[in-house]
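If you read the protein sequences in the order shown, they are chains H and R. All residue numbers for the first sequence refer to the numbering used here, where the first residue is 1 and numbers rise by one. All residue numbers for the second sequence refer to the numbering used here, where the first residue is 1001 and numbers rise by one.
Number of protein chains: 2
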Amino acid sequence: MVTVSTSPQTRAYHHGDLRTALVAAGLKALETTPVEDLSLRALAREVGVSPTAVYRHFPDKQALLGALAAEGIEQLGQYQQAAAAAAEGNSDAFGATGRAYVRWALANPALFRLVFGQCRDVGPSIFGDNLAARLLQDKALRAVRGDEAGAQQLMVQAWAVVHGLAMLMLDGQLPQDDALIDRVIDPRTLFAR
Amino acid sequence: MVTVSTSPQTRAYHHGDLRTALVAAGLKALETTPVEDLSLRALAREVGVSPTAVYRHFPDKQALLGALAAEGIEQLGQYQQAAAAAAEGNSDAFGATGRAYVRWALANPALFRLVFGQCRDVGPSIFGDNLAARLLQDKALRAVRGDEAGAQQLMVQAWAVVHGLAMLMLDGQLPQDDALIDRVIDPRTLFAR
DNA sequence: GCTTAATGTTTATGCCGTAAACATAGCAGC
DNA sequence: GCTGCTATGTTTACGGCATAAACATTAAGC
């Protein structure tokens, strides 16, 4: 059979960079679709490839989700870093990174859920070498002026507050009210030190 | 056709109380199975009924999950109330209910997730007439000695901490360490008032 | 240029949720 | 006591899913 270009753009048999395309499509889909509604077939369709082509680049669905989660935690870290930089010198720079955490979650609900919910056997814990984790550690250590044990406690407490607030808002248990975020992550009432 | 008892127990065409049996089977399944692996067909199989019999009692899967969630929030409230009663007069009765929240979550991971994660259009927010919500409100109000605005803030902060801690532990981001729960929910360092 | 490995496709299996049509049986009124 | 209605199950069917296996195409190295 002669490979005549009958259509405007002849579809190449090989995609070129399917893996990247799939991750991009996944991230885009998560902007409007909850993670549990994400399907490999839909992604493949979106990218213009057969339903099982995915398996040439990911052993299974979990692996693809893991790649998306890795992108997510990276983006979260960068968003927090920007907020921290903007609040540099501010009396509550620590709080600023916490508020950024919650705001990023609200802006990227599905991806946020994926990052922290799908990590059963996928990615390492946030206490890896990712930006968000390093920010948390740095800020906490600074807040307690070097007290190691105190920093450890503060870190977990702070993480719990912002994570819990984000989750409750995402799950509709609390209104997604920006002012409420400020009222909860309030340095005057939150921690006693 | 004669209805002869050929088998030890003749299976009645009608189950008797299928709805209750399904909920019970669902709760039992959630003890060992994550909520996303729960299937109507498996539940029907468990109860000994055809795959579609479920639809005589629930319009769809979400409705069944909603019924399970309702059971869950009820159980959580009772567990917290027991803990609160045990800590009555204790200087940190408020903290006791918070620690109970986290411990119940760790003991019932799938059900806890269902209660707070599946409520998109299922159940009302926890701020309904359930026990857990009332406990939170009472304890917070007492902690601030009647200050309404302060109680509101404290309530959300406290809920966020315990919910975040529970989630992070369930998702493997923090070790499920009982001592860590005590260190996080620590009245001396958690809130400044 | 031929071989080979990488990358896609086709086909198939066995789950799933759920809709529609049909079967059974308890019960209400005569 | 018979009749018919309604609640409750069953059967059958559909389309979608993840994934496995066999096959096709193409790019890259010798």
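Cβ coordinates follow ideal geometry from the N, Cα and C atoms, glycine included.
Straight-line gap, residue i to residue j (C-alpha atoms, nearest Å)
{"i": "G1098 (chain R)", "j": "D17 (chain H)", "result": "49 Å"}
{"i": "Q176 (chain H)", "j": "R1188 (chain R)", "result": "30 Å"}
{"i": "Y1101 (chain R)", "j": "I1185 (chain R)", "result": "11 Å"}
{"i": "H1163 (chain R)", "j": "V161 (chain H)", "result": "8 Å"}
{"i": "A1063 (chain R)", "j": "V1035 (chain R)", "result": "14 Å"}
{"i": "G1095 (chain R)", "j": "Q75 (chain H)", "result": "35 Å"}
{"i": "Q1137 (chain R)", "j": "A192 (chain H)", "result": "22 Å"}
{"i": "Q80 (chain H)", "j": "M1155 (chain R)", "result": "26 Å"}
{"i": "K61 (chain H)", "j": "D1147 (chain R)", "result": "51 Å"}
{"i": "K28 (chain H)", "j": "A44 (chain H)", "result": "13 Å"}
{"i": "G172 (chain H)", "j": "H1057 (chain R)", "result": "26 Å"}
{"i": "A1158 (chain R)", "j": "H1014 (chain R)", "result": "48 Å"}
{"i": "D1037 (chain R)", "j": "R183 (chain H)", "result": "38 Å"}
{"i": "A86 (chain H)", "j": "G117 (chain H)", "result": "29 Å"}
{"i": "T1032 (chain R)", "j": "N1090 (chain R)", "result": "35 Å"}
CB contact below 9 Å: residue i versus chain H
{"i": "D1037 (chain R)", "result": "no"}
{"i": "R1041 (chain R)", "result": "no"}
{"i": "A1044 (chain R)", "result": "no"}
{"i": "L1106 (chain R)", "result": "no"}
{"i": "L1174 (chain R)", "result": "yes"}
{"i": "A1069 (chain R)", "result": "no"}
{"i": "L1154 (chain R)", "result": "yes"}
{"i": "L1168 (chain R)", "result": "yes"}
{"i": "Q1075 (chain R)", "result": "no"}
6 Å Cβ shell around residue i - same chain, five flanking residues per side excluded
{"i": "V23 (chain H)", "result": "A67"}
{"i": "V1115 (chain R)", "result": "A1069, G1072 and I1073"}
{"i": "R41 (chain H)", "result": "P51"}
{"i": "E1046 (chain R)", "result": "A1025"}
{"i": "A166 (chain H)", "result": "V102 and A105"}
{"i": "L1174 (chain R)", "result": "L1168"}
{"i": "P1110 (chain R)", "result": "Note that residue 1110 (chain R) corresponds to Ala in the displayed sequence, not to Pro. Closer than 6 Å at the Cβ level, and outside the excluded window around A1110 (chain R), lie L1030, P1034 and V1035."}
Of the residues the options, the one placed nearest residue i, counting alpha carbons only
{"i": "G1072 (chain R)", "options": "R:Q1173, R:N1108, R:S1039 and R:A1029", "result": "R:N1108"}
{"i": "A1132 (chain R)", "options": "R:F1112, R:A1044, R:V1047 and R:R1056", "result": "R:F1112"}
{"i": "G1077 (chain R)", "options": "R:G1048, R:R1056, R:N1130 and R:D1060", "result": "R:N1130"}
{"i": "A151 (chain H)", "options": "H:L174, H:L135 and H:D178", "result": "H:L135"}
{"i": "G1048 (chain R)", "options": "R:R1056, R:A1029 and R:A1012", "result": "R:A1012"}
{"i": "A1209 (chain R)", "options": "R:G1117, R:V1054 and R:S1039", "result": "Nothing can be reported for residue 1209 (chain R), as the shown portion of chain R is limited to 1001 through 1193."}
{"i": "R1142 (chain R)", "options": "R:E1088, R:H1057, R:L1030 and R:S1039", "result": "R:E1088"}
{"i": "S39 (chain H)", "options": "H:L65, H:I181 and H:P59", "result": "H:L65"}
Cβ of residue i within 9 Å of any chain R Cβ
{"i": "F94 (chain H)", "result": "no"}
{"i": "H163 (chain H)", "result": "yes"}
{"i": "T33 (chain H)", "result": "no"}
{"i": "F116 (chain H)", "result": "yes"}
{"i": "T189 (chain H)", "result": "yes"}
{"i": "R103 (chain H)", "result": "no"}
Contacting residues, own chain, Cβ-Cβ under 7 Å from residue i (five flanking each side not counted)
{"i": "G128 (chain H)", "result": "none"}
Other residues of its chain near residue i: CB distance less than 8 Å, five sequence neighbours each side excluded
{"i": "A84 (chain H)", "result": "A93, A96, T97, A100, L135 and K139"}
{"i": "V1144 (chain R)", "result": "G1150, A1151, L1154 and R1193"}
{"i": "D1178 (chain R)", "result": "R1103"}
Pick out the complete beta strand (DSSP E) segments inside the region 1012–1042 of chain R, 3 residues or longer, and give them in chain order. List check, beta strand (DSSP E) in window: nothing returned.
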